[in-house]
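Each residue of the sequence shown is one higher than the last, beginning at 4 in the working numbering.
A virtual CB, placed ideally from N, CA and C, is assigned to each residue, including glycine.
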Amino acid sequence: MSADDAVTTSYDRFAAAFAAEAAHSPYNAHYDRPAVLELLGDLTDRVVLDAGCGPGLYVTELLARGAHVIAVDASANMIDLARRHAAGQITLRQHDLTRPLYWLASDSVDIGLLALVIHYIDDRIALLRELHRVLRPGGHLIISTSHPTADWLTAEGSYFDVGWVEQKWACGIGHRFWRQPLHAWCAEFTAAGFAISAITEHQPTADMAHTHPRDHETLTRKPGFIAYRLTKPTNTGHKTDNDA
Ligand SMILES: C[S@@+](CC[C@H](N)C(=O)[O-])C[C@H]1O[C@@H](n2cnc3c(N)ncnc32)[C@H](O)[C@@H]1O
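Laid out in structure tokens, this is it:
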């Protein structure tokens, strides 16, 4: 079993529990999704690829914002849950992101979303290159992942250490993710052909101060996640959607 198979198997076993937890949890509902949705911007009539869609919590938000959604995940159980959320309004497909998205045409997607997934991928540059291929010139890829300082504090050692970190969640399921410092993440993004157009360090929502005060207090001083907006340059002088 490869590392990626192990991750998918964990998520397959954990799919229903993840769906229930992430719908309301401080780190997903009050921290990652609000920050990432803000970075995604206006989605009206945009073709959005939700890569590693999990149980469809982003899918619901993307559809509500008027996007045409293509959602993929390697876990069959996650795809089943996402299908229930989406009620047939989208293209849903079981797909392992370590393989090419051969069924998607080049330049066919306006916005890619990779929320809390990239740290499970072994060959991240290959995946980023494939996402770059399917994005139209000027399109964006939004990525959220662990903040490098959070990984450093969790795994200890040096901030500059690079490699896999093994953890067990409270439910007993094993979890393995890639850790590296900020400059190494940025180098992978640019190696795949992207320009980095924004980096945001998540802030907890004001609501979290009431619903989960301890997590709120922690996250206002110790970042947990980080998000990047990467842009596929156009052929004409790197003009993007953000240019006037
Ligand atoms: C932490 S969950 C995030 C789900 C969703 N993006 C969200 O934020 O609610 C990680 C997801 O990545 C998926 N995943 C992990 N490795 C994958 C791979 N190689 N190909 C496709 N999906 C993968 C898992 O099955 C799981 O659904």
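A direct Cα-to-Cα measurement between R217 and Q206 gives close to 14 Å. Where H88 is concerned, the enclosing alpha helix (DSSP H) starts and stops at A79 to A89.
In the three-state reduction of the DSSP assignment, A22 falls in the helix class, which pools H, G and I.
By alpha-carbon distance to T223, the top candidate from Y231, H33, A22 and T12 is H33. When DSSP states are grouped into helix, strand and coil, L116 belongs to the strand group. In its chain, beyond the 5 residues on either side, S147 and F228 have a beta carbon closer than 6 Å to the beta carbon of D35. Within the region 177 to 231, the complete alpha helix (DSSP H) runs of at least 4 residues fall at 185 to 194, 211 to 214 and 216 to 224. Going by beta carbons, L131 and A54 fall outside the 8 Å limit. Around the Cβ of L138, a 10 Å sphere holds 16 or more other Cβ atoms; the residue is buried. For the options R182, P37 and L46, the alpha carbon positioned closest to that of T157 is the one of R182. In this structure, S111 and V72 do not form a Cβ contact; the two beta carbons are roughly 13 Å apart against a cut-off of 8 Å. Nearest C-alpha to P236 among E191, L107, H143 and R86: H143.
Under the DSSP assignment, P236 falls outside any alpha helix (DSSP H); it carries neither an H nor an E label. Distances between the C-beta of G57 and the heavy atoms of ligand 1 include at least one below 7 Å.
Relative to G166, the option among I124, H88 and A79 whose CA is nearest is I124. For L52, the uninterrupted beta strand (DSSP E) segment begins and ends at V50 to A54. Contact between A153 and P226 holds: CB atoms are separated by about 6 Å, below the 8 Å threshold.
When DSSP states are grouped into helix, strand and coil, L40 belongs to the helix group. With a 10 Å radius around the Cβ and a threshold of 16 neighbouring Cβ atoms, I199 comes out exposed.
Secondary structure at W106: coil, using DSSP grouped into helix, strand and coil.
Short of 8 Å from the beta carbon of S13, and not among the five residues preceding or following it, lie these beta carbons of its own chain, in chain order: I176, G177 and H178. The DSSP-derived three-state label of A70 is coil. In terms of Cβ geometry, L100 and G59 do not form a close pair [threshold 8 Å]. The C-alpha of L46 lies about 27 Å from the C-alpha of A18.
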